[in-house]
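Position in the sequence shown counted from 1, then plus 5, gives you my numbering. Take a look at the structure set out below.
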Amino acid sequence: MLIILGIAAIAAAARAIRSLRSTLTSLPRSNRDWIFY
Numbered sequence: 006m007l008i009i010l011g012i013a014a015i016a017a018a019a020r021a022i023r024s025l026r027s028t029l030t031s032l033p034r035s036n037r038d039w040i041f042y
């Protein structure tokens with residue numbers, strides 16, 4: 006049961022990171038550098 010929840014949490018986190026990255030690519034270069042560094 007915990008393994009299934011862990012896999013679901015990892016999948017949700019990966020989906021959120023992917024959507025965040027897609028929105029970050031539309032931002033200007035300076036904003037992206039400020040967020041990552």
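No residue lacks a Cβ here, since even glycine has one placed at the ideal position from N, Cα and C.
- Task: Over the uninterrupted alpha helix (DSSP H) stretch that includes serine 27, give me the two end residues.
- Result: For serine 27, the uninterrupted alpha helix (DSSP H) run begins and ends at 7–30, by DSSP.
- What's the gap between the Cα of arginine 20 and the Cα of methionine 6? Rounded to the nearest angstrom, the two C-alpha atoms are 21 Å apart.
- Please work out which residues of its chain come closer than 8 Å, Cβ to Cβ, to alanine 13, disregarding the five sequence neighbours upstream and downstream, and give them in chain order. Correct list: empty, nothing qualifies.
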